[in-house]
Amino acid sequence: MRNGVFALGKYSVGVGDRFAHQAKAQLQACIQARDAGLTVIPVWNKSNREHAIIGSEPSSVRQAADAAVKALHWTAPYFCDADHITLETVGRFMSSCDFFTIDVADAIGRPALSADIDAFVKRRRDMLGIIQLAGIDEAFAITVEDLTQTARKFLAAVKQAGEVYRAIEAAKGTGRFLPEISMDETDNAQSPIELLIILAAIADEGIPIRTIAPKFSGRFNKGVDYCGDVAQFEREFALDMAAIAYAIERFGLPKDLKLSVHSGSDKFSIYPAIHACMKRFDSGVHLKTAGTTWLEELIGLAESSGDALSLAKEIYAEAYAHRDELCAPYAAVIDIDPTKLPSPEQVRGWSSDQYSSALRHVQSNPAHNSSFRQLLHVGFKIAAKMGDRYLNLLEANEAVIARNVTENLYERHIAPVFLGRKG
Ligand SMILES: [Zn+2]
3 MRNGVFALGK YSVGVGDRFA HQAKAQLQAC IQARDAGLTV IPVWNKSNRE HAIIGSEPSS
63 VRQAADAAVK ALHWTAPYFC DADHITLETV GRFMSSCDFF TIDVADAIGR PALSADIDAF
123 VKRRRDMLGI IQLAGIDEAF AITVEDLTQT ARKFLAAVKQ AGEVYRAIEA AKGTGRFLPE
183 ISMDETDNAQ SPIELLIILA AIADEGIPIR TIAPKFSGRF NKGVDYCGDV AQFEREFALD
243 MAAIAYAIER FGLPKDLKLS VHSGSDKFSI YPAIHACMKR FDSGVHLKTA GTTWLEELIG
303 LAESSGDALS LAKEIYAEAY AHRDELCAPY AAVIDIDPTK LPSPEQVRGW SSDQYSSALR
363 HVQSNPAHNS SFRQLLHVGF KIAAKMGDRY LNLLEANEAV IARNVTENLY ERHIAPVFLG
423 RKG
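Per the numbering used here, the sequence shown starts with residue 3, numbered consecutively.
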């Protein structure tokens, strides 16, 4: 086995690395956590959609991860995540990945067979009545109606997850990969009681999931902070954690099952709530961040001045010119104010410091511009098209970029979530 035992550990961080050049710098952040006394397992995640846009193969993620682990003598486990895959897309991830995020959001609400629904409700009669989750004051009542409604909405999705799980199992072998089920890319948050019922269905389907990614309430826009009621989020998150503990005990799901937070990156304002819940329930979390490492590459290029700064400006000019087509696929998860976008002419006159301050996600800095940041966040296609021109400058300015990548991941994500430090 590549990693010895296939266990994710209590604390883990999913990192994106669009151009497969920052694995070492990302791993360095986990080494800093280890030096601070905490093992945080790195998972390199990349979705099929992202591979399609970049024109990359899953094997490149594996190669970059393996090389980083070797170079930095990382001895704890590490994984490569086939992020948001389905039966149609999982094939090319089989040999390179050992973590699979089975996305069933599209199947939510698809009608299940009424025989399946009836069988589920019958089998799970023991859930009816009052449920008291450990560590939660209020009690919950589950009725036949709750079981039926939830099965109607989610059973087809869980069955679909079972199909994908078994396809991976046939290819990889039982226990030789970590399965996650994701339901985050959907409109409505699942309630904790729905989560509990979904977990019962997952157990019935025989999927030994290690992480589950529900949709939480509030907005999780790409690369910017959380938008929503943080206190409400914390209440919900605590209930979800308690529901998972209950499900492990009652439904026989894996003991190390934990929540996966698909953050879309940089949900700084909920990090203290996540940390507080982890303490309260003595529970772990998998924190999945999206592709903001690419923005740290741009910051590093801008800081490097000369050709590198010019390229960073050129990328912005291109992104600005193509902003409608770049933003369209992400319309639901970005919130750009066009009047806040500087013109490419303005940016052309910027210093290294002006560019990096506008882009770097330090909300207290008045020069920070979240519209500028979000446009560049979805603009990675521009850099992908530049090919070697972009990659060569990444390599030429590796030290400055790596410093930004490590500092961002450690100081702004790992330390606040896992160590409870102020970001
Ligand atoms: Zn997701």
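Ideal placement from N, C-alpha and C gives every residue a C-beta, glycine not left out.
- Taking residue 62 as the centre and dropping the five residues before and after it, the same chain places the C-beta of 22 closer than 6 Å to its C-beta, in chain order.
- Distances from the CB of residue 184 to the heavy atoms of ligand 1 include at least one below 7 Å.
- Taking the C-beta atoms as reference points, residue 279 is found nearer than 8 Å to residue 236.
- In the DSSP assignment, residue 81 falls within the beta strand (DSSP E) that extends over 81–87.
- Separation of residue 391 and residue 51 (C-alpha to C-alpha, rounded to the nearest whole angstrom) is 23 Å.
- Shown here, residue 214 sits in a strand according to DSSP, grouped into three states.
- In the DSSP assignment, residue 290 is bridged to 16, 264.
- As for any alpha helix (DSSP H) of minimum length 4 sitting wholly inside the region 99–141, the runs are 116–125, ordered along the chain.
- The beta carbon of residue 264 sits closer than 7 Å to at least one heavy atom of ligand 1.
- With 16 or more neighbouring CB atoms inside 10 Å of its own CB, residue 406 falls in the buried class.
- Rounded to whole angstroms, the gap between the alpha carbons of residue 89 and residue 81 is 21 Å.
- Residue 379 is positioned such that its CB atom lies no closer than 8 Å to that of residue 269.
- Looking at 320, 233, 220, 303, the one whose alpha-carbon comes closest to that of residue 266 is 220.
- Not one heavy atom of ligand 1 is found less than 7 Å from the C-beta of residue 75.
- Distance from the Cα of residue 149 is smallest, within the candidate group 120, 167, 161, 174, for 120.
- In this structure, 340 is the residue among 340, 285, 351, 366 with its C-alpha nearest to the C-alpha of residue 373.
- Residue 109 has its Cβ no nearer than 7 Å to any heavy atom of ligand 1.
- DSSP places residue 406 within a helical segment (H, G or I) once states are collapsed to three.
- Counting only the Cα atoms, residue 26 lies some 50 Å from residue 127.
- Counting only residues of its own chain and dropping the five nearest sequence neighbours on each side, residue 349 has a CB closer than 6 Å to the CB of 315, 318.
- Burial state of residue 291 is buried, judged by a 10 Å Cβ sphere holding 16 or more other Cβ atoms.
- In this structure, residue 52 has its beta carbon at no less than 7 Å from each heavy atom of ligand 1.
- Per DSSP, the beta-bridge partners of residue 48 are 84.
- Of the candidates 264, 130, 361, the residue whose Cα lies closest to the Cα of residue 342 is 361.
- Where residue 344 is concerned, there is no enclosing beta strand (DSSP E), because DSSP gives it neither an H nor an E.
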